[in-house]
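**Student:** Take the position in the sequence shown, starting the count at 1, then add 6; the result is the number in our numbering.
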Amino acid sequence: MICSFQLAIYCNSLVKSIMVVYIPAFIYILNSYFLDVIHACIRQTLLSKVIYIAFKVISLVFYYLTLILGVPGNVFVMYVAGLMMKRTVNTVGFLNLAIADLLCCLSTLYYVTESTFNENWPYGSIMCKILTFIMVITMFASIFTLNLISLDRFVQVITPVWAQNHRSLFIARLSCATAWILASILSLPFMMLRETGNNKTYCRLYRRNEEHFELYGRLSIIRFVFGFLVPLICITTCYGLIARKLGRSHFHSGRAFRIMFAVIVAFFLCWLPYHILLLIIMYGEKSSSLVAVAVNPLSVSLAYFNSCLNPVLYVFMGQDFKSNVKLSLRRVFERVFSEEGTQMTHTTQSQQTHSLQTQQVI
Numbered sequence: 007m008i009c010s011f012q013l014a015i016y017c018n019s020l021v022k023s024i025m026v027v028y029i030p031a032f033i034y035i036l037n038s039y040f041l042d043v044i045h046a047c048i049r050q051t052l053l054s055k056v057i058y059i060a061f062k063v064i065s066l067v068f069y070y071l072t073l074i075l076g077v078p079g080n081v082f083v084m085y086v087a088g089l090m091m092k093r094t095v096n097t098v099g100f101l102n103l104a105i106a107d108l109l110c111c112l113s114t115l116y117y118v119t120e121s122t123f124n125e126n127w128p129y130g131s132i133m134c135k136i137l138t139f140i141m142v143i144t145m146f147a148s149i150f151t152l153n154l155i156s157l158d159r160f161v162q163v164i165t166p167v168w169a170q171n172h173r174s175l176f177i178a179r180l181s182c183a184t185a186w187i188l189a190s191i192l193s194l195p196f197m198m199l200r201e202t203g204n205n206k207t208y209c210r211l212y213r214r215n216e217e218h219f220e221l222y223g224r225l226s227i228i229r230f231v232f233g234f235l236v237p238l239i240c241i242t243t244c245y246g247l248i249a250r251k252l253g254r255s256h257f258h259s260g261r262a263f264r265i266m267f268a269v270i271v272a273f274f275l276c277w278l279p280y281h282i283l284l285l286i287i288m289y290g291e292k293s294s295s296l297v298a299v300a301v302n303p304l305s306v307s308l309a310y311f312n313s314c315l316n317p318v319l320y321v322f323m324g325q326d327f328k329s330n331v332k333l334s335l336r337r338v339f340e341r342v343f344s345e346e347g348t349q350m351t352h353t354t355q356s357q358q359t360h361s362l363q364t365q366q367v368i
């Protein structure tokens, strides 16, 4: 009886100690832990928001620079290559590249409009689709045109006799037209998947269901492969074989090489972050996707900034900048778009032929 009474007293004191000491301590620790987690989440959210806003501001600067530099620069390139110079294979290629770059510069108005209206889209579904089509087709048209210019350089150097007999304006125009047709075909699916939502205020990917979203993911892979990876391999192969054929010293001293090398490197450096981040958003882990979404505005603006760089590169890379300052802009572009590559190839070929003849005589 006494033991039972003592056991009851012990249990009562144990319950009281649990209620008075342990449970409040546990609740305090639990609350403290969750408060720390909540505060960390708040800090992380605020930091992410600050980073996102900072990237948005920087991207807007890139968009305005693209418009200010790109529109007049590419219009002037079109004026010189299309109206003031004799039509050649070179001028056809650079003219098409300038047209694609000009359209790309103008399509940045989409992002400027969204930022002005606080990411709202006031112009309806049709304009949403049209601008999406223009944005994608200019990317494909630019890289396809760069491929054609690289292949033209390759043909001139590797097979100069064939180039002299078959390299013509008709083939150049037909090749550029084919590039634009292929770019249009590859751009149409992206246009169809864009739609306005939320009472027609957002121009975004229209995610009807999961299958619809997976389709966009597959299209993104196609865009990366045909709009970046395959052209990169093709262009790198072309210029690698050209360098091997001509020799390093002669290759690096040519004006045509400097210009095209700068244009191609600028294109791939500007577009690489865009493609990588888009694939991470579509297929990456959730944490990686969130980071990619925050950085994405900057990568998009950098990609479009490339469209204003080519006219600047033509001036700075065409010849020594001091000599370019003394010339009019028209004369600078005329020197850039001249058929120097063909002349260089013929000179190299004649030197090689003369060397072979000398060896045979000896």
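All residues carry an ideal CB built from backbone N, CA and C; glycine is no exception.
Model, not experiment: these values are computed from the prediction.
I need the straight-line Cα distance from residue 98 to residue 296, nearest angstrom please.
**Tutor:** One-based indexing of the sequence shown puts residue 98 at position 92. One-based indexing of the sequence shown puts residue 296 at position 290. If you take the alpha carbons of residue 98 and residue 296, they lie about 43 Å apart.
**Student:** Less than 8 Å separating the beta-carbons of residue 277 and residue 302?
**Tutor:** In the sequence shown, the residue the question calls residue 277 occupies position 271. In the sequence shown, the residue the question calls residue 302 occupies position 296. Not in contact: residue 277 and residue 302 (Cβ atoms no closer than 8 Å).
**Student:** Return the residue from the list 320, 189, 113, 131 that minimises the CA-CA distance to residue 153.
**Tutor:** On the sequence shown, position 147 is the one that residue 153 refers to. Per the Cα distances, 189.
**Student:** Have a look at 320, 192, 310, 316 and flag the residue whose alpha-carbon is nearest the alpha-carbon of residue 115.
**Tutor:** Translated into positions along the sequence shown, residue 115 becomes position 109. Cα-wise, what sits closest to residue 115 is 310.
**Student:** With burial defined as no fewer than 16 other Cβ atoms inside 10 Å of the residue's Cβ, what is the status of residue 170: buried or exposed?
**Tutor:** Within the sequence shown, the letter at position 164 stands for residue 170. Residue 170 is exposed by the Cβ-count criterion.
**Student:** Examine the Cβ distances between the stretch 155-170 and the stretch 122-136 and report whether three or more of them are shorter than 8 Å.
**Tutor:** The answer is no - the stretch 122-136 does not touch the stretch 155-170, with fewer than three Cβ pairs under 8 Å.
**Student:** Give the straight-line distance between the Cα atoms of residue 307 and residue 64, rounded to the nearest whole angstrom.
**Tutor:** Translated into positions along the sequence shown, residue 307 becomes position 301. Translated into positions along the sequence shown, residue 64 becomes position 58. Near 9 Å, if we compare the C-alpha coordinates of residue 64 and residue 307.
**Student:** Quick one: give me the first and last residue of the alpha helix (DSSP H) that residue 5 is part of.
**Tutor:** Past the edges of the chain, shown from 7 to 368, lies residue 5, and the structure says nothing about it.
**Student:** Indicate the three-state DSSP secondary structure (helix, strand or coil) for residue 200 in the structure shown.
**Tutor:** Residue mapping note: residue 200 aligns to position 194 of the sequence shown, counting from 1. It is a strand residue.
**Student:** Taking residue 195 as the reference, give the member of 180, 239, 224 with the closest Cα.
**Tutor:** Numbered from its first residue, the sequence shown carries residue 195 at position 189. Closest by alpha carbon: 224.
**Student:** Determine the direct distance from the alpha carbon of residue 149 to that of residue 238, and round the result to whole angstroms.
**Tutor:** Walking along the sequence shown from the start, residue 238 turns up at place 232. Walking along the sequence shown from the start, residue 149 turns up at place 143. Distance between the alpha carbons of residue 238 and residue 149 is about 9 Å.
**Student:** To which residues of the same chain is residue 39 closer than 6 Å at the C-beta, ignoring the five residues directly before and after it?
**Tutor:** Within the sequence shown, the letter at position 33 stands for residue 39. Note that residue 39 scores 44 on pLDDT, short of 50, meaning its location in the model is unreliable and no value can be drawn from it.
**Student:** Between the Cα of residue 81 and those of 73, 274, 108, spot the shortest distance and give me the residue it belongs to.
**Tutor:** Position 75 of the sequence shown holds residue 81. Considering only alpha carbons, the answer is 108.
**Student:** List, from N- to C-terminal side, the alpha helix (DSSP H) runs of 4 residues or more that fit wholly inside the stretch 242-302.
**Tutor:** DSSP runs (the alpha helix (DSSP H)) wholly in the stretch 242-302: 254-259, 261-289.
**Student:** Excluding the 5 residues preceding and the 5 following residue 76 in the sequence, name in chain order all residues of the same chain whose CB lies nearer than 6 Å to its CB.
**Tutor:** To locate residue 76, count along the sequence shown from 1; it is residue 70. 111, 313, 314, listed in sequence order.
**Student:** Rounded to a whole number of angstroms, what is the C-alpha to C-alpha distance between residue 85 and residue 69?
**Tutor:** In the sequence shown, the residue the question calls residue 85 occupies position 79. In the sequence shown, the residue the question calls residue 69 occupies position 63. Rounded to the nearest angstrom, the two C-alpha atoms are 23 Å apart.
**Student:** Identify, in the order they occur along the chain, each residue of the same chain with its Cβ nearer than 6 Å to the Cβ of residue 88, setting aside the five sequence neighbours on each side.
**Tutor:** Counted from its first residue, the sequence shown places residue 88 at position 82. 101, listed in sequence order.
**Student:** By DSSP, does residue 127 sit in helix, in strand, or in coil?
**Tutor:** Residue numbering aside, residue 127 sits at position 121 when the sequence shown is read from its first letter. Three-state result, residue 127: coil.
**Student:** Span of the alpha helix (DSSP H) holding residue 88?
**Tutor:** Within the sequence shown, residue 88 is the residue found at index 82, counting from 1. From DSSP, residue 88 is part of no alpha helix (DSSP H); its letter is neither H nor E.
**Student:** Take the Cβ of residue 250 as the centre, count every other Cβ of all protein chains shown within 10 Å, and call the residue buried at 16 or more, exposed below.
**Tutor:** Counting from 1 along the sequence shown, the entry for residue 250 is found at position 244. Under this definition residue 250 is an exposed residue.
**Student:** Give the secondary structure of residue 188 by DSSP, where H, G and I count as helix, E and B as strand, and everything else as coil.
**Tutor:** Numbered from 1 along the sequence shown, position 182 holds the residue referred to as residue 188. The answer is helix: DSSP assigns residue 188 an H, G or I state.
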